[in-house]
Amino acid sequence: MLRVGIIGCGDIANLNVLGYLHSQDTEIVAVSDTDIKKARDKLEQWGLRTIKIYSDYREMINREDLDIVEILTPHHLHGPMTEFCAKRGIKGISVQKPMAHTITDCEKMIRICEEEQVKLKVYENFRFYPVYLKAKELLEDGIIGELSNFRINSINAGGPSIPRDLKSTVWRQNFEICGGGPWVYDDGIHKFSMGLWLMGQERVEKVYSWIDYFSAVFDGPSYILWRYPKGNVDESPRFGIMEITIAPNLYYPTNYYVCDEYIEISGTKGLMWINQCTCGGNFISKSPHFPPIIVYTNGEVNTYGNDLPRDWRYSFINSTEHFIEVMKSGEKPIYNGEQGKNLSIFAKMAHLSDQQKRVVYWEEMTSENEQNRSCSVEAPKDINGARLHKYFMRIRRDFKKGIKEGLIHKELKYDKDLLSE
Ligand SMILES: NC(=O)c1ccc[n+]([C@@H]2O[C@H](COP(=O)([O-])OP(=O)(O)OC[C@H]3O[C@@H](n4cnc5c(N)ncnc54)[C@H](O)[C@@H]3O)[C@@H](O)[C@H]2O)c1
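Counting from 144, one number per residue, gives the positions in the sequence shown under the numbering used here.
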């Protein structure tokens with residue numbers, strides 16, 4: 144039985160624990176959070192009230208003889224916590240995205256984990272969402288031919304959504320801690336991940352972006368364009384785009400965050416549309432107009448994945464189960480440190496391009512250039528929280544409208560039927 148410890152019992156811990164709660168191979172033996180009351184409440188919610196809580200994660204690591212540690216804390220702590228755990232002999236470290244803010248820190252984490260023979264997983268769960276896994280299988284079978292363009296619309300909607308801890312939004316407004324905006328950097332990492340993985344790429348060649356720092360809270364609306372590296376001279380260029388849409392009056396019930404994703408991939412002989420991820424399973428998923436995957440090719444339209452679970456939680460359950468398997472089998476995790484670093488680089492390129500108003504190339508994203516500051520992302524200057532407030536007061540006068548209209552979300556339950564839902 145693999146002994147698991149969790150550092151950080153905040154919002155995302157609710158989802159990261161799912162894969163462990165039902166595993167026959169692991170046991171959560173301890174958690175750590177500086178907020179002991181929060182940790183206690185979470186353990187109660189998860190049905191684990193008897194396990195030990197530490198306010199200092201170092202004490203937990205030193206005392207508990209853990210095999211796996213989940214690092215689920217604010218971004219700036221990922222690097223130092225990974226380093227401490229690796230040096231204290233933890234053999235499996237799963238760290239939430241973004242891996243770290245700087246390339247230098249990502250490289251340090253990779254190096255230390257290699258030296259200490261630690262399996263380092265960067266937890267990007269979209270890669271494990273059942274509908275995306277099916278789409279990837281179809282694309283690899285060549286259903287739309289050679290892939291050319293990728294487009295993702297990431298919509299920030301109006302809820303109602305899962306209740307969030309206010310503290311969780313406060314640290315996200317401190318640039319030193321969060322390292323970038325919530326939509327392009329924090330959440331964007333998942334979307335950049337899809338832009339690479341679904342297109343069969345490990346990196347991009349160059350990025351150009353327009354990020355509207357509309358307020359202290361939103362780095363959107365935004366447009367981020369990129370070109371993939373060319374394999375052969377006779378290959379046609381391939382591009383990707385991410386658009387971030389702000390739609391506060393789009394009432395959109397979700398069990399999770401107020402955001403959803405729509406992807407379109409073009410190939411040399413067809414088109415694929417992938418509907419929803421974070422809010423998959425809500426009432427839109429039940430409409431025949433929004434099947435999980437639609438493919439047009441050879442004069443025919445077909446849908447796929449209708450029998451797959453569309454609730455976002457399965458991306459977490461699958462991701463954690465994958466890591467447990469990796470720990471048992473000795474294979475490499477998805478994402479490993481190098482791949483996790485690539486996701487951070489991609490997201491930083493978008494911010495850098497907007498700040499420097501120029502095309503940013505992958506080659507220039509190095510730890511050396513970070514030190515001479517030519518590729519370091521600076522804290523945004525003209526942010527104005529009051530503007531967002533005014534916007535909301537004008538656009539979204541009734542904050543309870545979604546709920547009044549009956550668009551009620553269903554909170555995540557921790558019961559034994561969870562996996563069969
Ligand atoms: N995969 C996803 O879809 C997804 C979604 C949301 C958040 N995340 C990631 O998860 C991480 C945590 O985000 P969150 O939304 O859960 O934040 P949160 O603020 O809700 O939770 C963080 C927790 O860490 C605790 N903490 C802070 N410092 C600590 C320390 N020194 N020792 C122990 N505990 C400490 C806090 O008290 C808090 O309970 C972030 O890196 C974020 O990017 C991922």
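Here a beta-carbon is modelled for each residue, glycine too, at the ideal position from N, C-alpha and C.
Report the option in E258, S291, I150 whose CA atom is closest to the CA atom of G374. On the sequence shown, residue 374 is found 231 positions in, with the first residue counted as 1. That would be S291, whose Cα lies nearest to the Cα of G374.
Which first and last residues belong to the beta strand (DSSP E) in which C422 is found? Against the sequence shown, residue 422 aligns to sequence position 279. Where C422 is concerned, there is no enclosing beta strand (DSSP E), given that its DSSP letter is neither H nor E.
Indicate, with yes or no, if ligand 1 has a heavy atom lying under 7 Å from the CB of Y275. As a first step, residue 275 must be located in the sequence shown, where it is residue number 132. No, since every heavy atom of ligand 1 falls outside the 7 Å radius drawn around the Cβ of Y275.
Please work out which residues of its chain come closer than 6 Å, Cβ to Cβ, to I406, disregarding the five sequence neighbours upstream and downstream, and give them in chain order. Counting from 1 along the sequence shown, the entry for residue 406 is found at position 263. Contacts found: I295, I417.
Three-way DSSP call (helix, strand, coil) for L281 in this model: Locating residue 281 in the sequence shown gives position 138, where the first residue counts as 1. Looking at L281 - three-state DSSP - the assignment turns out to be helix.
What I want to know is whether the C-beta of I150 ends up closer than 7 Å to one or more non-hydrogen atoms of ligand 1. Walking along the sequence shown from the start, residue 150 turns up at place 7. I150 Cβ: within cutoff of ligand 1.
Restricting to runs no shorter than 3 residues, where is the beta strand (DSSP E) found entirely within the stretch 380-435? 382-389, 402-410, 413-418
In angstroms with no decimal places, state the Cα-to-Cα distance between P306 and I488. Here residue 306 refers to the residue found at position 163 of the sequence shown. Here residue 488 refers to the residue found at position 345 of the sequence shown. Between P306 and I488, the C-alpha separation is close to 31 Å.
Can you list, in chain order, the residues of its chain whose CB lies under 7 Å from that of D355, leaving out five sequence neighbours each side? By one-based count along the sequence shown, residue 355 stands at place 212. Around D355: G363, P364, S365.
Locate the beta strand (DSSP E) running through G235, then write down its first and last residues. Taking the first residue of the sequence shown as position 1, residue 235 is located at position 92. G235 -> beta strand (DSSP E) spans 235-239.
Ligand 1 heavy atoms versus the CB of D362: any closer than 7 Å? Along the sequence shown, one-based indexing puts residue 362 at 219. Every heavy atom of ligand 1 is 7 Å or more from the Cβ of D362, so no.
Best match in A493, G235, N398 for proximity to W326 [C-alpha to C-alpha]: For the purposes of this step, residue 326 is taken as residue 183 along the sequence shown, with counting starting at 1. If we check each option's Cα against that of W326, A493 comes out closest.
Compare the beta carbon distance of I204 and I179 with 8 Å and say whether it is the shorter of the two. Locating residue 204 in the sequence shown gives position 61, where the first residue counts as 1. Locating residue 179 in the sequence shown gives position 36, where the first residue counts as 1. No, they are not a contact pair.
Can you determine whether any heavy atom of ligand 1 sits closer than 7 Å to the C-beta of S352, and answer yes or no? In the sequence shown, the residue the question calls residue 352 occupies position 209. No; taking the cut-off as 7 Å, the Cβ of S352 has no heavy atom of ligand 1 nearer than that.
Taking the alpha carbon of R456 as the point to measure from, which residue in V502, L368, E267, E345 has its own alpha carbon closest? The residue you call residue 456 lines up with position 313 of the sequence shown. If we check each option's Cα against that of R456, E267 comes out closest.
Can P372 be considered in contact with ligand 1, in the sense that its beta carbon sits closer than 7 Å to one or more heavy atoms? Working through the sequence shown from its first residue, we reach residue 372 at position 229. Incorrect: P372 has no Cβ contact closer than 7 Å to ligand 1.
Expressed to the nearest angstrom, what Euclidean distance is found between the alpha-carbon atoms of P452 and N157? Position 309 of the sequence shown, counted from the start, is the residue given in the question as residue 452. Position 14 of the sequence shown, counted from the start, is the residue given in the question as residue 157. So the two alpha carbons sit approximately 19 Å from each other.
Which full runs of the alpha helix (DSSP H) of 4+ residues lie inside the stretch 315-377, going along the chain? 318-321, 331-340
In this structure, does DSSP put L191 in helix, strand or coil? Your numbering for residue 191 matches position 48 in the sequence shown. Residue state, collapsed to three classes: coil.
How should E404 be labelled, buried or exposed, when 16 other C-beta atoms within 10 angstroms of its C-beta is the threshold for buried? In the sequence shown, counting from the first residue as 1, residue 404 sits at position 261. With 16 or more other Cβ atoms within 10 Å, it is buried.
Residue from L209, A182, I246 whose Cα sits closest to the Cα of I196: Mapped onto the sequence shown, residue 196 falls at position 53. Nearest option by C-alpha distance: A182.
At which residues does the beta strand (DSSP E) containing L290 begin and terminate? Start at 1 with the first residue of the sequence shown, and residue 290 comes out as number 147. First-last of the beta strand (DSSP E) with L290: 290-299.
Does V274 come out as helix, strand or coil in the three-state DSSP assignment? By 1-based counting over the sequence shown, the position of residue 274 is 131. Helix.
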